[in-house]
Every structure is written in C-alpha cells, then in structure tokens.
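Colleague: I have a structure here, written as structure tokens, and I will follow up with some questions on it.
Residue numbers (the working numbering): 121 to 439.
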C-alpha cells in the first residue's frame, strides 16, 4: 500500500476517464516519485533470478516485485471502473502504464475543445474551497499549454477572477484596480490570504451566541411586582392583623390600631396627623455671598447661613 503522503496526493488526483490523460499521467508519476517508485515505469522488467543467482540479485528482484505491486495498485486505483477492466490483466505496472498511454494518450481535437470549455465555463460555488478550485483552473490551463493551446496570463487572470462566487465580487474588483503586479504565480497566495481572513471573521462571529425567542434569558423575564393592586391605589403586601394586640398607633398612640386602620383618625378626620420628617445634610461653602440661601423645593425646611437677615426669628429650645 502507498504511504500516507502518497495517499494524500491520491485523494487530490482525478481518476483517469479517458479525456484527462496528460494531467493524470503527471500526477501518477509525481505520486510514485515520492516513494521512489517511478523507476518501475522507466526501467526494464528484470528477469526472474535463476537457481544459481546470488543473494543480492534475489533481494533486488524481491524488492522490485514488492514495488511493482504498489505501483500497479496505485495506477488501477485511479482509473475509472469502466476503463480499469481494460488494463487490470497486466501483471507489471510498466506494461499497464504503456498500454494506458497507447489508449488514452492521443490528443484529439475533441479533447482540446473539452478542456477549453471546462476552463472558460468554470464557476466556483459559495461553499467550495477557493484556492483548491483556482488551482484546478491553473492545472487545466497548463494542460492546454502542454497540447499546444496556451492561454495568455491576462486572460487566465480575468477568467479566474470572473469565476469567483458572488460574495467575492468586491475582492475581484479590488485586485483589478489595486495596481499590484498580479500574476498566475501570486494569485493563489493573494486569494488564500483573503480566504483565511474570511474564515477567521466567520469563526469569531460564530462564538457570539444569541438567545432564541423560544428560550428567554433571566434578564428578559418580567419581574414579579412586589406590590399588589388594591382599590384605587397600589399598596405593599402586608399582613395587618399579625400581632395586632402589640401594635401602637402612630397617629394617637392607641393600642391595637395601625396607621392604615386607625379608628380615632376616622372619628376625627380634621386632625392633622402628618409626620414631620427631619432631613439633615452637611454643606461645605468655601466662598459665597453671605446673603445667599440654600433652598430645596423638595424639603420641608429652608436654611440660611446668617441670622441677621431675619425680621422675625424665634429660637427653639432643644429637646
């Protein structure tokens, strides 16, 4: 079996279908060369060693047999099934490769026309890997050049940029108007940088999770009111009858009553039962007019800093 490196290359190699022999031939040779097996296709098939052969000759032949099996399996793996049956009878990889070359290696006008249509009609979808598909177009252009139908670099650049998905339209325009020296050699690198930037942006946005409408968060839940609605006003939920005997009315000091259900307040509705609330504050005045007042419209007291301004002043005893 082929090594891991060879397996990776095989996964990127298109199977032989009868019309793509030039590119298939180059890929197969490159793959075999990675494991030093390309000699199987070039060297003559060694004869079977005789009974009097030396140990070195026997080992060399055994190595050739082992490498031949790997090369033969590699070639058959990347031939379409309907064509594979035509060549699986060959025992040696060299003979098989020569037969494939004889059958599929002839360049015809229909094959050239097929490559041209494939290159100019190439369209990359939104979810397709950009760089990988651009490299496929470059390979097709090189294959056309190998059979004598070269495409100018400017035409290749324009066709490749035109084949990009709709979301890459601004990238194509920017590259055309950037003034950079864009060539077929650095175009894949420029597109790879842009693809990496887009993937990083998409991954960062995927980390931000948003709650769905069907799953409200605690912050979105409506808090329960601490007050219950009564007749005409809101009042705090309180048990007024709890410990009623120990309650002293704040209005008249009568036991058993509260401010809310005071019976004496009902008997004397004109009685002033307002509580006086004392507000104490402290202010540091560095420099101000001695006649100025400190007034708070929301408080019950107004404060002046000087007694001389009063026409009528009555001092209260503390306590």
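For every residue, glycine included, the Cβ atom is placed at its ideal position computed from N, Cα and C.
So, helix, strand or coil for residue 361, using DSSP?
Modeller: Locating residue 361 in the chain shown gives position 241, counting from the first residue. Confidence at residue 361 is low in this model, with a pLDDT of 48, below 50, so the placement of that residue should be treated as unreliable; the coordinate-derived value is given next. Reduced to three states, the DSSP call for residue 361 is coil.
Colleague: Expressed to the nearest angstrom, what Euclidean distance is found between the alpha-carbon atoms of residue 252 and residue 306?
Modeller: Counted from its first residue, the chain shown places residue 252 at position 132. Counted from its first residue, the chain shown places residue 306 at position 186. Each residue's Cα considered, the two are about 14 Å apart.
Colleague: Under a Cβ-count criterion, where at least 16 other Cβ atoms within 10 Å of its own Cβ denotes burial, should residue 317 be classed as buried or exposed?
Modeller: Reading the chain shown from its first residue, position 197 is the one you call residue 317. It is exposed - the Cβ of residue 317 has fewer than 16 other Cβ atoms within 10 Å.
Colleague: I'd like the list of long-range same chain contacts for residue 440, defined as Cβ closer than 8 Å, with 5 residues on each side in sequence excluded.
Modeller: A question about residue 440 goes unanswered here, because the residues of the chain that appear run from 121 up to 439.
Colleague: From the DSSP output, which residues share a beta bridge with residue 196?
Modeller: If you number the chain shown from 1, residue 196 lands on position 76. Answer is none; residue 196 lacks a bridge partner.
Colleague: Write down the C-beta distance between residue 136 and residue 203 rounded to the nearest angstrom, noting that I regard them as a contact closer than 8 Å.
Modeller: On the chain shown, residue 136 is found 16 positions in, with the first residue counted as 1. On the chain shown, residue 203 is found 83 positions in, with the first residue counted as 1. Confirmed, about 6 Å.
Colleague: Counting along the chain, where does the alpha helix (DSSP H) carrying residue 291 start and finish?
Modeller: Within the chain shown, residue 291 is the residue found at index 171, counting from 1. Here the alpha helix (DSSP H) through residue 291 covers 289-297.
Colleague: Does DSSP put residue 136 in a helix, a strand or coil?
Modeller: Taking the first residue of the chain shown as position 1, residue 136 is located at position 16. Reduced to three states, the DSSP call for residue 136 is strand.
Colleague: Using the C-alpha atoms, what's the distance from residue 230 back to residue 279?
Modeller: Working through the chain shown from its first residue, we reach residue 279 at position 159. Working through the chain shown from its first residue, we reach residue 230 at position 110. Near 22 Å, if we compare the C-alpha coordinates of residue 230 and residue 279.
Colleague: What distance in whole Å lies between the Cβ atoms of residue 214 and residue 165, which are believed to be in contact at a cut-off of 8 Å?
Modeller: Within the chain shown, residue 165 is the residue found at index 45, counting from 1. Within the chain shown, residue 214 is the residue found at index 94, counting from 1. Correct: roughly 6 Å between the Cβ atoms.
Colleague: Is the beta carbon of residue 296 closer than 8 Å to that of residue 284?
Modeller: Here residue 284 refers to the residue found at position 164 when the chain shown is read from its first residue. Here residue 296 refers to the residue found at position 176 when the chain shown is read from its first residue. Cβ atoms of residue 284 and residue 296: not closer than 8 Å.
Colleague: Just the C-alpha distance for residue 224 and residue 139, rounded to the nearest angstrom, thanks.
Modeller: Along the chain shown, one-based indexing puts residue 224 at 104. Along the chain shown, one-based indexing puts residue 139 at 19. Rounded to the nearest angstrom, the two C-alpha atoms are 7 Å apart.
Colleague: If I measure Cβ to Cβ from residue 169 and keep anything under 6 Å in the same chain, skipping five residues before and after, which residues do I get?
Modeller: Within the chain shown, residue 169 is the residue found at index 49, counting from 1. Cβ within range, chain order: 177, 178, 181.
Colleague: By a C-beta neighbour count over all protein chains shown, 10 Å radius and 16 as the cutoff for buried, is residue 263 buried or exposed?
Modeller: The residue given as residue 263 occupies position 143 in the chain shown. With 16 or more other Cβ atoms within 10 Å, it is buried.
Colleague: Is residue 142 buried or exposed, if buried means 16 or more other CB atoms sit within 10 Å of its CB?
Modeller: Start at 1 with the first residue of the chain shown, and residue 142 comes out as number 22. Answer is buried; the Cβ neighbour count reaches 16.
Colleague: State yes or no: is the C-beta of residue 157 within less than 8 Å of the C-beta of residue 190?
Modeller: Stepping through the chain shown from its first residue, residue 157 is reached at position 37. Stepping through the chain shown from its first residue, residue 190 is reached at position 70. Yes. Within cutoff.
Colleague: Which ranges does the alpha helix (DSSP H) cover as unbroken runs of at least 4 residues, wholly within the region 218-294, from first to last along the chain?
Modeller: Within the region 218-294, the complete alpha helix (DSSP H) runs of at least 4 residues are 229-240, 250-266, 273-282.
Colleague: Taking the continuous alpha helix (DSSP H) assigned at residue 300, which residues delimit it?
Modeller: Residue 300 sits at position 180 when you count from the first residue of the chain shown. Segment: none, residue 300 is in no alpha helix (DSSP H) and carries neither H nor E.
Colleague: Helix, strand or coil for residue 423, going by three-state DSSP, please let me know.
Modeller: Sequence index remark: in the chain shown, residue 423 carries index 303 (1-based). Of the three classes helix, strand and coil, the one that applies to residue 423 here is strand, per DSSP.
Colleague: Contact defined as beta carbons within less than 8 Å: I believe residue 304 pairs with residue 258. What is the distance between those atoms, to the nearest angstrom?
Modeller: Taking the first residue of the chain shown as 1, we reach residue 304 at position 184. Taking the first residue of the chain shown as 1, we reach residue 258 at position 138. Indeed, because the Cβ distance is near 6 Å, the residues count as touching under 8 Å.
Colleague: Inspect the beta-carbon positions of residue 235 and residue 260 and report whether they are closer than 8 Å.
Modeller: As a first step, residue 235 is located in the chain shown; it is residue number 115 there, counting from the start. As a first step, residue 260 is located in the chain shown; it is residue number 140 there, counting from the start. Going by C-beta atoms, residue 235 is nearer than 8 Å to residue 260.
Colleague: Excluding sequence positions up to five away, which residues of its chain have a Cβ less than 8 Å from the Cβ of residue 149?
Modeller: Against the chain shown, residue 149 aligns to sequence position 29. Around residue 149: 158, 161.
Colleague: Among 435, 145, 239, which one has its Cα closest to the Cα of residue 276?
Modeller: Against the chain shown, residue 276 aligns to sequence position 156. When each option's Cα is compared against that of residue 276, the closest is 239.
Colleague: Taking the straight line between their C-alpha atoms, what separation do you get for residue 434 and residue 427?
Modeller: For this step, residue 434 is matched to residue 314 along the chain shown. For this step, residue 427 is matched to residue 307 along the chain shown. So the two alpha carbons sit approximately 11 Å from each other.
Colleague: Specify the secondary structure class of residue 173 as computed by DSSP and reduced to three states.
Modeller: Start at 1 with the first residue of the chain shown, and residue 173 comes out as number 53. DSSP places residue 173 in coil when its eight states are reduced to three.
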